[in-house]
Amino acid sequence: MSGIVHGVTGDWEIVIGLEVHAQVIASAKLFSGAATAFGAAPNSQVSLVDAALPGMLPVINRRCVEQAIRTGLGLKAQINRHSVFDRKNYFYADSPAGYQISQYKQPIVGRGTIQIDLPDGSVREVGITRLHLEQDAGKSLHDQHPDSSYVDLNRAGIALMEIVSEPDLRSPEEAGAYLRKLRAILRYLGTCDGDMEKGSMRADVNVSVRRPGDPYGTRCEIKNVNSIRFVQQAIEVEAARQVAVIEDGGKVEQETRLFDARKGETRPMRNKEEAHDYRYFPDPDLLPLTFSQEWVEEIKRSLPELPDEKKARFARDYGLAPYDAGVLVDERATADFFEAVAEGRDAKQAANWVMGDLFGALNKAGTDIGHSPVSAEHLGQLLDLMADGTISGRIAKDVFVAMFETGKAPAAIVEEKGLRQVTDSGAIAAVVDQVIAQNPDKVAEYRSGKDKLFGFFVGQAMKASGGKANPQAVNQLLREKLKG
Amino acid sequence: MAALNELTLAEARDGLRRGDFTSVELTQACLAAVEAARGLNAFTTVTSGRALTMARESDARRRAGTIGKIEGLPIAVKDLFAVQGVPTTACSHILDGFKPTYESTVTANLWREGGVMIGKTNMDEFAMGSSNETSHYGPVVNPWRRPGDNRPLVPGGSSGGSASAVAARLVPGATGTDTGGSIRQPAAFTGIVGLKPTYGRCSRWGIVAFASSLDQAGPMARTVRDAAILLGAMAGFDGKDSTSVEAPVPDYEQALTGDVRGLTIGIPAEYRVEGMPAEIAALWEQGIAWLEQHGAQVTEIRLPHTKYALPAYYIVAPAEASSNLARYDGVRFGLRVAGENLDQLYENTRAQGFGREVRRRILIGTYVLSAGYYDAYYLKAQQVRTLIAEDFRKAFATVDAILTPTTPTAAFAQQERLSDPIAMYLNDVLTVPANMAGIPGLSVPAGVSKEGLPLGLQVLGKPFDEATVLRVGHTIEQAARASLAPTPWWRS
Amino acid sequence: MSLDKATVARIAKLARIAVPESELESLAGELSGILTWIEQLNEVNTSGVEPMTSAVAMTLRMREDRVTDGGDPEKVLANAPERTDTFFVVPKVVE
Ligand SMILES: [Mg+2]
Ligand SMILES: [Zn+2]
Numbered sequence: 000m001s002g003i004v005h006g007v008t009g010d011w012e013i014v015i016g017l018e019v020h021a022q023v024i025a026s027a028k029l030f031s032g033a034a035t036a037f038g039a040a041p042n043s044q045v046s047l048v049d050a051a052l053p054g055m056l057p058v059i060n061r062r063c064v065e066q067a068i069r070t071g072l073g074l075k076a077q078i079n080r081h082s083v084f085d086r087k088n089y090f091y092a093d094s095p096a097g098y099q100i101s102q103y104k105q106p107i108v109g110r111g112t113i114q115i116d117l118p119d120g121s122v123r124e125v126g127i128t129r130l131h132l133e134q135d136a137g138k139s140l141h142d143q144h145p146d147s148s149y150v151d152l153n154r155a156g157i158a159l160m161e162i163v164s165e166p167d168l169r170s171p172e173e174a175g176a177y178l179r180k181l182r183a184i185l186r187y188l189g190t191c192d193g194d195m196e197k198g199s200m201r202a203d204v205n206v207s208v209r210r211p212g213d214p215y216g217t218r219c220e221i222k223n224v225n226s227i228r229f230v231q232q233a234i235e236v237e238a239a240r241q242v243a244v245i246e247d248g249g250k251v252e253q254e255t256r257l258f259d260a261r262k263g264e265t266r267p268m269r270n271k272e273e274a275h276d277y278r279y280f281p282d283p284d285l286l287p288l289t290f291s292q293e294w295v296e297e298i299k300r301s302l303p304e305l306p307d308e309k310k311a312r313f314a315r316d317y318g319l320a321p322y323d324a325g326v327l328v329d330e331r332a333t334a335d336f337f338e339a340v341a342e343g344r345d346a347k348q349a350a351n352w353v354m355g356d357l358f359g360a361l362n363k364a365g366t367d368i369g370h371s372p373v374s375a376e377h378l379g380q381l382l383d384l385m386a387d388g389t390i391s392g393r394i395a396k397d398v399f400v401a402m403f404e405t406g407k408a409p410a411a412i413v414e415e416k417g418l419r420q421v422t423d424s425g426a427i428a429a430v431v432d433q434v435i436a437q438n439p440d441k442v443a444e445y446r447s448g449k450d451k452l453f454g455f456f457v458g459q460a461m462k463a464s465g466g467k468a469n470p471q472a473v474n475q476l477l478r479e480k481l482k483g
Numbered sequence: 000m001a002a003l004n005e006l007t008l009a010e011a012r013d014g015l016r017r018g019d020f021t022s023v024e025l026t027q028a029c030l031a032a033v034e035a036a037r038g039l040n041a042f043t044t045v046t047s048g049r050a051l052t053m054a055r056e057s058d059a060r061r062r063a064g065t066i067g068k069i070e071g072l073p074i075a076v077k078d079l080f081a082v083q084g085v086p087t088t089a090c091s092h093i094l095d096g097f098k099p100t101y102e103s104t105v106t107a108n109l110w111r112e113g114g115v116m117i118g119k120t121n122m123d124e125f126a127m128g129s130s131n132e133t134s135h136y137g138p139v140v141n142p143w144r145r146p147g148d149n150r151p152l153v154p155g156g157s158s159g160g161s162a163s164a165v166a167a168r169l170v171p172g173a174t175g176t177d178t179g180g181s182i183r184q185p186a187a188f189t190g191i192v193g194l195k196p197t198y199g200r201c202s203r204w205g206i207v208a209f210a211s212s213l214d215q216a217g218p219m220a221r222t223v224r225d226a227a228i229l230l231g232a233m234a235g236f237d238g239k240d241s242t243s244v245e246a247p248v249p250d251y252e253q254a255l256t257g258d259v260r261g262l263t264i265g266i267p268a269e270y271r272v273e274g275m276p277a278e279i280a281a282l283w284e285q286g287i288a289w290l291e292q293h294g295a296q297v298t299e300i301r302l303p304h305t306k307y308a309l310p311a312y313y314i315v316a317p318a319e320a321s322s323n324l325a326r327y328d329g330v331r332f333g334l335r336v337a338g339e340n341l342d343q344l345y346e347n348t349r350a351q352g353f354g355r356e357v358r359r360r361i362l363i364g365t366y367v368l369s370a371g372y373y374d375a376y377y378l379k380a381q382q383v384r385t386l387i388a389e390d391f392r393k394a395f396a397t398v399d400a401i402l403t404p405t406t407p408t409a410a411f412a413q414q415e416r417l418s419d420p421i422a423m424y425l426n427d428v429l430t431v432p433a434n435m436a437g438i439p440g441l442s443v444p445a446g447v448s449k450e451g452l453p454l455g456l457q458v459l460g461k462p463f464d465e466a467t468v469l470r471v472g473h474t475i476e477q478a479a480r481a482s483l484a485p486t487p488w489w490r491s
Numbered sequence: 000m001s002l003d004k005a006t007v008a009r010i011a012k013l014a015r016i017a018v019p020e021s022e023l024e025s026l027a028g029e030l031s032g033i034l035t036w037i038e039q040l041n042e043v044n045t046s047g048v049e050p051m052t053s054a055v056a057m058t059l060r061m062r063e064d065r066v067t068d069g070g071d072p073e074k075v076l077a078n079a080p081e082r083t084d085t086f087f088v089v090p091k092v093v094e
């Protein structure tokens, strides 16, 4: 994957903008008192407002407004203390009123920015055009009956934040980095759970291609892509398609397309015969949304430390490499876990253990840090046992495996299995003597100047002690005794 | 003594208080009158059983000593209000069989205050009309006739059924809704009192929406006092309507002091619309004279954008309606006409379910909102609306109320204006500005035309100052004392 | 403003109202008449005038984030022309 498509006629640059629909975390819907929980029985979380019965009226949920402001602040964006809800008119089985309440000309949040972290450790700014609040649609099931669709309105009316980026992204990687960072910010803020599998975060991807330095080409919008991997694949195949069209002498049509992950292609949506004309106008059932600067300030004061700030602090205070810091702050739970382990300890060592052994074990077990059998407290204790010489680094690896399996404290495992490091110089001396006695040839070679063999003797001694001998003591004694 | 159904709301209330009769007796009298007046076609549903049950319960409450503002009084409800378990159709084919599982806030308020539900009244389909001829259930007949002429006259619209029912003394009071004059114009045509309150005074929750920024529910009754009593029972803040205003509801009846001394009444020159018949102009002069005689100051005012209210209305109202009526799609309730696919189902359902005038307005509304036309039509109309509201705001800096005629003509014959939409729309030329500005407006019977048909005067007031509007209207009513009861030719 | 048949057909499609070809002509005439009458608004100078956003001078009231509604599919489906279990049913929609 890269940002350049090598065409027959030369190189093409990919230009990408993303529209992300993020489901707002709130108990009730944007304009009705029905619940928002995932997975409820069909039409069991539907108010008559959501089903658009005659005479029903919307009343806005304060929490949803607060969440939008919160997100806007997290995106360092302009907060519009006066915004307007509009009706977007279109007929669809999932759209009970025949319109969606959205924000068109005057959104609640204006321009902002997101910093994305690239694998080479560099950072890029991506512009946010706007964020607005709108209603989600219902859901139709098409596979239950040969000639009917079944309509469930549970999702209808749930609050969404539509977050629109500038066309600032230039490669599938950048799009992935953008989505990961956006998701991290939303999760830190507690405004969206970012769960793409459940559909609480969905992306519309705008893709165009151009010769580097040329004006933007005609874009296509790929609707409702539901994983970061698919977003990246969709960009790749769509950009390749557009280059092929142009190089064949054709023209890219501005249209809405769907990504078919199974076939690995994008194709035009079927109902494109009628150009949409949404006839936006201010919803007369609602008044303009206004709120005080004091409220905004109050929300601002309650914001947590966000990923970028945390990353900078981790690099500064813990001396971590920017990329490592970036990995640790990706999930708030990871960052918190790391900080609990690092507190009063060697931070780099803590980072290595979290990103190495812990991530590896979690990955293998198919779980995440929120469900880690090893608590931050226990991992910290393990580091302490190494620091005070109770166990060696090698034994610590074994102790960690046992901790992950049993959830027990490291001290208990060390005791149980008798893994305490041997520091008694008499016992170590005995082991060292034994190793020297068993390897007379090697001793001779060493003494004749083959210094490199020292490592061999350390290994043998450690092995003979079952790994429990204190490595420093072994080193020291070996040096003395090998001198002869 | 007059038959019980002929009592005004206040008279019936006082009679019940004195124990002269029971709510059951009163209700029975009204039901009998409704039955005898089938020819007016004023009702779409008569809820006799429910009415008698509610009356019995009311009598029991009265015995127990807990009574509401309209305890035991029979009320008819325009078919635009959702009443739980009772067909609510907006007089449209598309709502065939629709029975709400919910109760509109206004009717819930009425029943909480002791009102007795008599039935649902006929109306123009989706409240779109000024003659009650667009109803799926047929036209309503005005109880008034030209002397020596048996041709049926229209009662006005869209609240024509409510107007006819009250004018014919079938019920002492009814609810209406007014988007461009739909309470005041039929009130004027049938010789009763109709009040469109300030936008936001009565909750819109549970009322089938026509044009959300203009719709407002209000009372229709025989006297200003009755309208005041009924408004007091209908109005109030409702958290379920974002445009409902959190303001206390005054005791409107107390406002009827009969004293207008110290009030300044504005007379807008611009309401002397082109072609206004001399008798309407004369009635207006008479109204001015009455108010002056009672000590009010009368002064000329300017409302320069009056002329543009009606064309602006015919952008705003259809635009909002085109969107509000999108939910009638044959999927969740009401009529469904099959189609080969979902789009055809929509198109067939809506083509057959909506009548001609409703289809016309949906198309106009769709057009004025469509790409490329929004600024030229909808935005322009909303700007004109700001200018209209501004005119009123300036006027009310110097006057307490405004007096105008309610309609440019008296009631006309059925079919007379059906073929010319613009001629029909012009019925509302004097009532529409109040909707555009959101201010309260009252129509009070003030005299009769040379043909012997009732004519109304309109009192407009400051936002949320229904009290002054009612006070001024009451003074005109007392002065007019015109004999405004039609001859009961319809009794079978 | 005079509307042609194609425009009427387009807005009828947008509004999802079937209009037979034979009625397009007369409908175009009717609607054109109304639009022409409406265009007297062009006499009004509205430059710099804010469009009205609400007939009442107040700001949008917000409700608390509490679940107060839903939980009763029967109430929602009571008037459904066609249903299966607690789903509304429509002719098959193809994406
Ligand atoms: Mg979008
Ligand atoms: Zn959206």
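Line by line, the protein sequences give chains A, B and C.
Using numbering that gives the first Met the number 0, read the first sequence as starting at 0 and increasing by one per residue.
Using numbering that gives the first Met the number 0, read the second sequence as starting at 0 and increasing by one per residue.
Using numbering that gives the first Met the number 0, read the third sequence as starting at 0 and increasing by one per residue.
The C-beta atom is built at its ideal place from N, Cα and C for all residues, glycine as well.
Check	Outcome
Separation of Asp397(A) from Lys467(A), as counted between CA atoms	12 Å
Own chain, CB closer than 7 Å to Thr178(B), minus 5 neighbours either side, in chain order	Ala126, Phe209, Ala210, Leu213, Asp214, Ala316, Asn434
Distance between beta carbons of Leu17(A) and Gln204(A), contact taken as under 8 Å	Residue identity check: residue 204(A) is Val in the sequence provided, not Gln. Rounded, the Cβ-Cβ distance is 6 Å, consistent with contact.
Alpha-carbon spacing of Ile298(A) relative to Leu362(B), whole angstroms	45 Å
First through last residue of the alpha helix (DSSP H) which encompasses Asp225(B)	223-233
His370(A) and Ala408(A) closer than 7 Å at C-beta	no
Contact list for Gln103(A) against chain C, beta-carbon separation under 7 Å	Correcting the residue type first, residue 103(A) is Tyr in the shown sequence and not Gln. Result: empty, since nearest Cβ-Cβ is about 13 Å, beyond 7 Å.
Closer than 7 Å to chain E by CB, Glu70(B)	Absent here is chain E; the protein component of the structure consists of chains A, B and C.
Distance between beta carbons of Tyr424(B) and Tyr313(B), contact taken as under 8 Å	6 Å
Range covered by the alpha helix (DSSP H) that runs through Ala311(A)	306-317
Selected residue, minimal CA-CA separation from Ile427(A), among Leu288(A), Arg478(A), Gln102(A)	Arg478(A)
Below-7 Å beta-carbon distance, Pro72(C) vs any chain A residue	yes
Sequence-distant residues of its chain with Cβ nearer than 8 Å to Tyr322(A) (five each side left out)	Asp116, Pro118, Gly120
DSSP three-state assignment for Asp10(A), whether helix, strand or coil	strand
Coil, strand or helix - Gly14(B) by DSSP	helix
Proximity test, Cβ basis, 7 Å: Glu49(C) and chain B	yes
Below-7 Å beta-carbon distance, Ser53(C) vs any chain A residue	yes
Beta-carbon neighbours of Leu59(C), restricted to chain B and to distances below 8 Å	Ser241
Contact residues within the stretch 362-375 of chain B, judged by C-beta distance below 7 Å to chain C	Leu362, Ile363, Thr365, Tyr366, Ser369
Where the alpha helix (DSSP H) through Thr35(C) begins and ends	20-37
Spatial distance of Glu272(A) from Arg169(A) (CA atoms)	Below a pLDDT of 50, predicted positions are generally treated as unreliable, and Glu272(A), at 49, falls in that range; the measurement from the model is reported next regardless. Distance between the alpha carbons of Glu272(A) and Arg169(A): 31 Å.
At least 3 beta-carbon pairs within less than 8 Å: the stretch 4-13 of chain C vs the stretch 22-34 of chain C	yes
Identity of the residue in Asp282(A), Trp294(A), Ser82(A), Leu185(A) nearest Thr70(A) by Cα	Leu185(A)
Other residues of its chain near Arg123(A): CB distance less than 6 Å, five sequence neighbours each side excluded	Ile115
Continuous beta strand (DSSP E) stretch holding Pro142(B): start and end	Pro142(B) -> no beta strand (DSSP E), and no H or E assigned at all.
Neighbour flag for Glu272(A) against chain C, beta carbons, 7 Å	Here the model assigns Glu272(A) a pLDDT of 49, short of 50, so the residue's position is not dependable, and the following value carries that caveat. Closer than 7 Å: no.
At least three beta-carbon pairs within less than 8 Å, the stretch 262-281 of chain B to the stretch 240-252 of chain B	no
Member of Arg480(B), Trp488(B), Leu469(B) whose CA lies at the smallest distance from the CA of Ala226(B)	Leu469(B)
DSSP-derived helix/strand/coil call for Leu459(B)	strand
Where the stretch 31-60 of chain A meets chain C: residues whose CB sits under 7 Å from a CB there	Ser31, Gly32, Ala33, Ala34, Ala40, Pro41, Asn42, Ser43, Gln44, Val45, Ser46, Leu47, Ala50, Val58, Ile59, Asn60
Status (buried if at least 16 other CB within 10 Å, exposed otherwise) for Gly193(A)	buried
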